[in-house]
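Going by our numbering, the sequence shown runs without a break in its numbering and finishes at 646. Heads up, the beta-carbon is just placed ideally off N, CA and C, and yes, glycines get one too. Owing to the predicted nature of the structure, the values given are computational and were not obtained by experimental measurement. See structure below.
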Amino acid sequence: MNERGGGGDGFSGKRVGENADTLAEQWLKAMAMGDQRAFAALYQEFAPRLYGYLRVQINHDADIQDLMQDIFVAIWKSSARYNGEAKVATWIFAIARHKLLDWLRSRRRYSQLESLEEIGEFRSGSEPDIADQVVTELSVADALAALPPHHAELFYLVFVEGMSYKEISVLLGIPEGTVKSRMHQAKGRMRQQLRKGGTDDERTV
């Protein structure tokens, strides 16, 4: 996984604006043919992003690294099954989330697992689309620290990955309106924690 491609052939592993999705699709197609340079490029692009995503759920670096290994093995093995129905990033994060849930199950993290898997807790309504609002009260890092894992997950996907509500609804397998409602609740929870002057201590240990 540490092999690096070079040059200007699309295997540098660096995002290039709007071309990122196209490059990622090219990498997956090449990986399906056994191209390890394409895998190295995709790893270089997505490893830091997946690490950040897992970090809001898991505290121990060794556990994250082990899980990352499983995730990228699954991505390599599944590359031929990518069909373009979702963005590559959404597809990859879906694999990562599936592996995360399996990891939580294996360690009997039931309370965290239930909060990540719950669906339909909130109904879609007339809430404004707050994804377009800028988080001005505090930095994203502070916001993530102030939230329990199931809310931090949404914050990470929206404000770090820049995913739309539609993309997140596909990733989490819940209605788009439910994503909006959960984000609304997450921001309320964040402000509540700030008023209390502390953070939830609900990370996996």
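List the whole-angstrom C-beta distance separating residue i from residue j, where the pair is believed to meet the contact cut-off of C-beta under 8 Å.
i	j	result
Leu508	Leu541	7 Å
Ala497	Leu613	What sits at residue 497 in the sequence shown is Val, not Ala. Actually they are not in contact, since the Cβ atoms of Val497 and Leu613 sit about 14 Å apart, beyond 8 Å.
Tyr492	Ile505	6 Å
Glu602	Ala527	That belief does not hold up - the Cβ atoms of Glu602 and Ala527 are roughly 13 Å apart, past 8 Å.
Answer with buried or exposed for residue i, where buried requires no fewer than 16 other C-beta atoms within 10 angstroms of its C-beta.
i	result
Arg538	buried
Ala521	exposed
Pro489	exposed
Met474	exposed
Lys607	exposed
Val514	exposed
Pull up the distance between the alpha-carbon of residue i and that of residue j, whole angstroms please.
i	j	result
Trp468	Gln633	43 Å
Ser383	Leu598	Lying before the first or after the last residue shown, residue 383 is absent from the chain, which here runs from 442 to 646.
Met624	Leu464	30 Å
Pro616	Asp462	24 Å
Ala503	Gly618	36 Å
In chain order, what residues of the same chain lie with their CB nearer than 7 Å to the CB of residue i, ignoring the 5 residues before and after it?
i	result
Phe480	Met472, Trp517
Ile512	Leu491, Ile536, Ala537, Lys540
Trp532	Tyr523
Arg630	Leu588, His592
Once the 5 residues before and after residue i are set aside, which same chain residues still bring their CB inside 6 Å of it?
i	result
Ser547	none
Met604	Leu598
Excluding the five sequence neighbours on either side, which residues of its own chain have a C-beta within less than 8 Å of the C-beta of residue i, listed in chain order?
i	result
Leu595	Ile609, Val620, Arg623, Met624, Ala627
Pro466	The question names Pro, but residue 466 in the sequence shown is Glu. Contacts found: Tyr523, Gly525, Val529.
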